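Numbering that gives the first Met the number 0 applies: residue 0 is where the first sequence begins, and numbers increase by one.
Single-structure report; data block below.
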Amino acid sequence: MTDTAINKKVRVRFAPSPTGGLHLGGVRTVLFNYLFAKQHGGDFIVRIEDTDQTRFVEGAEDYILETLAWCGLVPDESPLHGGPFAPYRQSERKPMYKEYADRLLAEGKAYYAFDTAEELDAKRKEISNFQYSHATRGLMKNSLTLTIDETEHLLNSGAPYVIRILLPENQEVTFTDLIRGEITFNTNQVDDKVLLKADGMPTYHLAVVVDDYKMQITHAFRGEEWLPSAPVHVLLWKYLFGLENMPQWAHLPLILKPDGNGKLSKRDGDRLGFPTFALDWVDPKTNEVTIGFRERGFLPEAFVNMLAALGWNDGTGQEVFSLEELVAKFSIDRVHKGGAKFDYEKAKWYNQEWLKHLPVSRYAGLVKALFEKQNIAIDDNKGFERVLELIKERCVLLNDFVEQSSFFFKQPDTIDIASIKPKWDEKKNLFFVELLRAYELSTLWEAADLEVEFKESAAAHQLKPGELMLPFRIMLVGGKFGPGVFEIAEILGKAETVSRIKNVLGMLE
RNA sequence: GGAGCGUUGGUAAAUCGGUUAAUACACCUCCCUUUCACGGAGGAAUGACGGGUUCGACUCCCGUACGCUCUACCA
0 MTDTAINKKV RVRFAPSPTG GLHLGGVRTV LFNYLFAKQH GGDFIVRIED TDQTRFVEGA
60 EDYILETLAW CGLVPDESPL HGGPFAPYRQ SERKPMYKEY ADRLLAEGKA YYAFDTAEEL
120 DAKRKEISNF QYSHATRGLM KNSLTLTIDE TEHLLNSGAP YVIRILLPEN QEVTFTDLIR
180 GEITFNTNQV DDKVLLKADG MPTYHLAVVV DDYKMQITHA FRGEEWLPSA PVHVLLWKYL
240 FGLENMPQWA HLPLILKPDG NGKLSKRDGD RLGFPTFALD WVDPKTNEVT IGFRERGFLP
300 EAFVNMLAAL GWNDGTGQEV FSLEELVAKF SIDRVHKGGA KFDYEKAKWY NQEWLKHLPV
360 SRYAGLVKAL FEKQNIAIDD NKGFERVLEL IKERCVLLND FVEQSSFFFK QPDTIDIASI
420 KPKWDEKKNL FFVELLRAYE LSTLWEAADL EVEFKESAAA HQLKPGELML PFRIMLVGGK
480 FGPGVFEIAE ILGKAETVSR IKNVLGMLE
């Protein structure tokens with residue numbers, strides 16, 4: 000790092016294009032950006048790269064910002080939050096890019112190209128592995144092959160054109176990647192990328208360089224898929240703003256699909272049954288819903304933690320980190336080079352850990368909403384939290400709380416009578432009838448007392464408590480699950496406990 | 001095809017040349033729990049391959065294989 004870089008305020012940006020939901024990989028890129036910025040007391044900027052009008056999707060920008068808000072990764076500057084470098088949408092910055100393309104043109108570092116899509120296609124068919132580069136640009140229709148007059152004429156006649164960068168021949172372009180070290184490309188291997196499209200919009204390549212400069216970005220983190228086009232960006236920096244002002248690059252490893260090979264995609268999630276988006280995403284065109292981690296019952300703390308662990312660790316073996324801890328401990332040189340396969344089981348484990356670590360009051364409201372969705376009203380908040388405390392260790396996702404504890408708030412929907420019946424006899428029936436009487440008369444209603452009474456009664460009937468506990472449990476909860484039976488009975492209260500025993504006794508007759 | 005990047009158990013991964021290669025998830029066995037979990041004890045399972053460098057290599061170098069990404073007027 001140079002001295003100037005040390006003194007400069009750290010500024011990073013996440014630059015998504017609003018073409019749909021934001022997937023795991025995107026959120027992780029945000030996270031690493033955010034952690035780095037906050038660790039250095041810097042700024043985290045969100046810039047919307049909406050230069051491709053054909054792929055623009057309504058609502059995608061809001062969705063992206065909402066995702067960040069849920070994760071707690073709040074930008075310092077964005078189209079929503081504003082900031083000193085506004086506007087933060089590239090479509091609103093359109094005039095700026097043209098100016099730089101013109102400068103490149105004037106300096107002979109870029110040229111006009113008039114080839115139509117059909118002509119390009121034809122060339123691609125004619126020449127295998129065609130690239131618009133040093134080897135082929137002489138064959139094409141551009142200001143390099145046309146005379147000045149011809150070019151002028153085409154321009155004046157309103158013919159559509161693009162502006163392409165003119166890559167130098169056989170030159171080594173080297174830059175340092177914070178994660179991978181020194182990386183070198185030969186310009187002969189790179190093509191003359193389009194900088195400005197026929198509609199006047201810049202491509203990513205021009206826009207990213209211009210905006211990173213104008214927004215004073217010091218560190219640029221992005222997915223590994225950008226590596227092959229990095230030399231174009233480096234060259235653009237050299238031509239336009241000087242290499243000394245170029246941000247430090249870091250190309251993040253990809254998140255891979257759990258089975259097979261390749262980048263994790265939304266499709267993989269659909270196919271394998273796990274979310275790949277943070278929040279539910281509804282495609283505005285097809286109305287197709289893609290499920291999100293939030294709706295699946297993940298806590299944002301767990302989601303962020305899990306994402307951080309995908310490609311980074313602090314070397315100590317610690318796995319559970321709060322966002323604050325991540326900010327403190329994150330380091331770019333501990334980020335892996337290789338991609339990691341996404342493991343949904345492990346993701347769930349993180350949620351389970353967070354469910355255990357966080358006080359239930361932190362998520363009681365969320366669980367309550369889930370209950371209300373099932374038409375189960377919760378009016379006693381304190382009692383509710385007590386129940387959550389009792390069962391939280393058997394829950395992995397927030398939704399599990401409903402399954403695991405709805406019997407506290409309403410009669411079980413189904414009673415697993417089949418598990419009682421085979422071993423049911425008159426002796427047991429008698430025991431429960433008597434237990435019922437004893438419980439109805441009891442003045443104390445605490446788990447310990449109920450258990451003593453239960454066991455004494457069992458002894459009196461010459462029955463093993465073990466044979467009776469399961470039927471009792473099923474009477475109260477409907478199935479073979481849940482916390483200790485007597486604790487359940489205590490919380491349920493006398494009236495409800497008695498009523499449930501009676502109910503099942505009736506079913507067994 | 002080309003270029004770049006990558007490769008430690010099934011998965012995520014520690015190790016920054018030095019005894020039997022951590023740990024977590026998943027799996028198996030057992031204990032605890034007269035339910036389900038949690039928790040505890042244990043088990044099986046790994047350095048792609050081939051060359052170097054070195055007293056010594058998972059670690060450094062070279063090659064091979066394999067994989068990924070890119071190769072759009074998409075980002």
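No residue lacks a Cβ here, since even glycine has one placed at the ideal position from N, Cα and C.
Bear in mind that the values here come from a model prediction, so they are computed numbers and not experimental data.
DSSP places V359 within a helical segment (H, G or I) once states are collapsed to three. Under the DSSP assignment, N141 falls outside any alpha helix (DSSP H); it carries neither an H nor an E label. A distance below 6 Å between beta-carbons, with the five flanking residues on each side excluded, links K122 to the following residues of its chain, in chain order: F129. Contact check for P17 against A59 passes: the beta carbons are separated by less than 7 Å. Closest in C-alpha terms to E181, from the list A229, V189, A134, comes A229. Your pair N32 and V56 does not check out as a contact, with CB atoms roughly 22 Å apart and the cut at 8 Å. The C-beta of P470 has 16 or more other C-beta atoms within 10 Å across all chains shown, which makes the residue buried. Excluding sequence positions up to five before and after D267, its CB lies within less than 6 Å of the CB of K256, all in the same chain and listed in chain order. Contact between the stretch 297 to 312 and the stretch 344 to 363 is present: three or more C-beta pairs spanning the two stretches fall below 8 Å. Under the Cβ criterion (8 Å, minimum of three pairs), the stretch 495 to 506 counts as touching the stretch 423 to 439.
Annotated three-state conformation of Q247 is strand, per DSSP. Proximity to T146 across V161, L475, Y111 peaks at Y111, based on C-alpha coordinates. Between A68 and I178 a beta carbon distance of about 28 Å is seen, past the 8 Å cut, so the two are scored as non-contacting.
Note that the stretch 186 to 201 does not touch the stretch 70 to 82; fewer than 3 beta-carbon pairs, one per stretch, sit closer than 8 Å.
Residue pairing by DSSP places K196 opposite no residue, since no beta bridge is assigned to it.
Between L34 and I254, the C-beta spacing is not below 7 Å. Contact check for V208 against L235 passes: the beta carbons are separated by less than 7 Å.
Boundaries of the beta strand (DSSP E) around E181: 180 to 185.
When only Cα atoms are considered, F240 and E106 end up about 14 Å apart. When the five nearest sequence neighbours on each side are left out, the beta carbons in the same chain lying within less than 6 Å of the beta carbon of F400 are those of V366, C394, in order along the chain. Per the DSSP secondary-structure output, V45 pairs in a beta bridge with F13. Boundaries of the alpha helix (DSSP H) harbouring T150: 147 to 155, taken from the DSSP string.
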